[in-house]
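Numbers 12 to 184, taken from this note's numbering, label the letters of the sequence shown in order. Just so it is clear, CB atoms sit at the ideal spot from N, CA and C, and this is done for glycine as well. Written below as structure tokens is the structure these notes are about.
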Amino acid sequence: MAEQPTFVDLLAACQFSAVHLEMRDGYMLDDPNYIAWSNGDRPVPGSRPEQFHRWYEMVGDVVSRGGVVRRARVVSEPISDYVRFEYDTTEVCNITAGELVRWLPRKRASDLPLPGNDFWLFDDDIVLFNHFDGNGNGTFRDTSTDPAVIELCRSAFEAVWQRAIPHRDYRPT
12 MAEQPTFVDL
22 LAACQFSAVH
32 LEMRDGYMLD
42 DPNYIAWSNG
52 DRPVPGSRPE
62 QFHRWYEMVG
72 DVVSRGGVVR
82 RARVVSEPIS
92 DYVRFEYDTT
102 EVCNITAGEL
112 VRWLPRKRAS
122 DLPLPGNDFW
132 LFDDDIVLFN
142 HFDGNGNGTF
152 RDTSTDPAVI
162 ELCRSAFEAV
172 WQRAIPHRDY
182 RPT
């Protein structure tokens with residue numbers, strides 16, 4: 012059985028489009044960045060924190076080749092502490108790296124057909140599903156090149172993206 016490509020491999024090979032749909036209200040609560048934020052360590056606007064350096068490189072490589080990296084987050088409101096952390100770090104992590112980010116309040120997503128798991132879709136060719144346990148810890152990832160699965164993820168992402176609010180305009184409750 013062939014080894015699954017890693018996220019790093021897939022992003023490095025990306026030519027024109029990487030899209031990421033996040034649908035959980037919490038992830039890895041033991042993340043050192045989240046813990047530091049919880050203890051009052053807030054990002055400085057306009058800074059490039061060292062802990063995101065690798066992310067800046069990976070996304071920057073895609074963007075420098077003319078690719079686009081988009082991230083959409085479907086969130087419950089009022090937002091969870093973890094989503095507040097994501098919101099507070101989006102500018103210095105994701106936007107600074109070159110991503111476009113939008114937010115969709117969950118109540119505005121009720122009529123959208125969405126896959127059961129968060130995913131990355133690369134160049135409309137391969138989807139990487141992220142699987143988490145109930146506490147938000149990653150348990151495994153798997154990929155698919157099935158055209159029907161790719162179309163589900165592509166259309167779901169685009170539907171969310173069209174309704175979602177750009178990061179600069181989103182004011183979480």
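Query raised in the report: With distances taken from CA atoms, which of D134, V19, R65, L132 is nearest C104?
Result: Sequence index remark: in the sequence shown, residue 104 carries index 93 (1-based). Of D134, V19, R65, L132, the residue nearest in Cα terms is R65.
Query - Counted within 10 angstroms of its Cβ, other Cβ atoms place A23 as buried (16 or more) or exposed - result: In the sequence shown, counting from the first residue as 1, residue 23 sits at position 12. Label assigned to A23: exposed.
Query - Cβ separation of V171 and A83, assumed to be a contact under 8 Å, to the nearest whole Å - result: Taking the sequence shown and counting its residues from 1, one reaches residue 171 at position 160. Taking the sequence shown and counting its residues from 1, one reaches residue 83 at position 72. Confirmed, Cβ separation roughly 5 Å.
Requested in this report: Along the beta strand (DSSP E) that carries H178, what are the first and last residues, could you check?
Outcome: Within the sequence shown, the letter at position 167 stands for residue 178. No beta strand (DSSP E) contains H178, which DSSP labels as neither H nor E.
Query raised in the report: Name the DSSP bridge partner or partners of D153?
Result: For this step, residue 153 is matched to residue 142 along the sequence shown. Its beta-bridge partners are F140.
**Report entry** Assigned exposure category for A29 - 16 Cβ within 10 Å defines buried
**Finding:** In the sequence shown, counting from the first residue as 1, residue 29 sits at position 18. When all chains shown are included, A29 counts as buried.
**Report entry** Spatial distance of E14 from S155 (CA atoms)
**Finding:** Residue mapping note: residue 14 aligns to position 3 of the sequence shown, counting from 1. Residue mapping note: residue 155 aligns to position 144 of the sequence shown, counting from 1. Going from the Cα of E14 to the Cα of S155 covers about 13 Å.
Report task. Express the C-alpha separation of T17 and R179 in angstroms, rounding to a whole number. Result -> In the sequence shown, the residue the question calls residue 179 occupies position 168. In the sequence shown, the residue the question calls residue 17 occupies position 6. Annotation: R179 to T17 spans about 31 Å, alpha carbon to alpha carbon.
Query raised in the report: Beta-carbon separation of A175 and L115 under 9 Å?
Result: Mapped onto the sequence shown, residue 175 falls at position 164. Mapped onto the sequence shown, residue 115 falls at position 104. Contact: yes.
Query raised in the report: Whole-angstrom Cβ separation of C25 and F168, contact assumed at under 8 Å?
Result: As a working note, residue 25 is residue 14 in the sequence shown. As a working note, residue 168 is residue 157 in the sequence shown. Actually they do not touch by this definition, with Cβ atoms about 15 Å apart.
**Report entry** Beta-carbon proximity list for F63, same chain, < 6 Å, skipping 5 on both sides
**Finding:** Looking up residue 63 in the sequence shown gives position 52. The residues are C104.
**Report entry** Length of the line joining the Cα atoms of S121 and P56
**Finding:** Looking up residue 121 in the sequence shown gives position 110. Looking up residue 56 in the sequence shown gives position 45. Using only the alpha carbons, I get a separation of about 33 Å.
Report task. Look at the alpha carbon of D41 and the alpha carbon of N146, and state the distance between them as a whole number of angstroms. Result -> Position 30 of the sequence shown, counted from the first residue, corresponds to residue 41. Position 135 of the sequence shown, counted from the first residue, corresponds to residue 146. In a straight line, the C-alpha of D41 is about 10 Å away from that of N146.
Query raised in the report: Thinking C-beta only, is R81 closer than 9 Å to H31?
Result: Here residue 31 refers to the residue found at position 20 when the sequence shown is read from its first residue. Here residue 81 refers to the residue found at position 70 when the sequence shown is read from its first residue. Yes; because the gap between Cβ atoms is below 9 Å, this pair is in contact.
Report task. Return helix, strand or coil for R81, following the three-state DSSP convention. Result -> As a working note, residue 81 is residue 70 in the sequence shown. DSSP places R81 in strand when its eight states are reduced to three.
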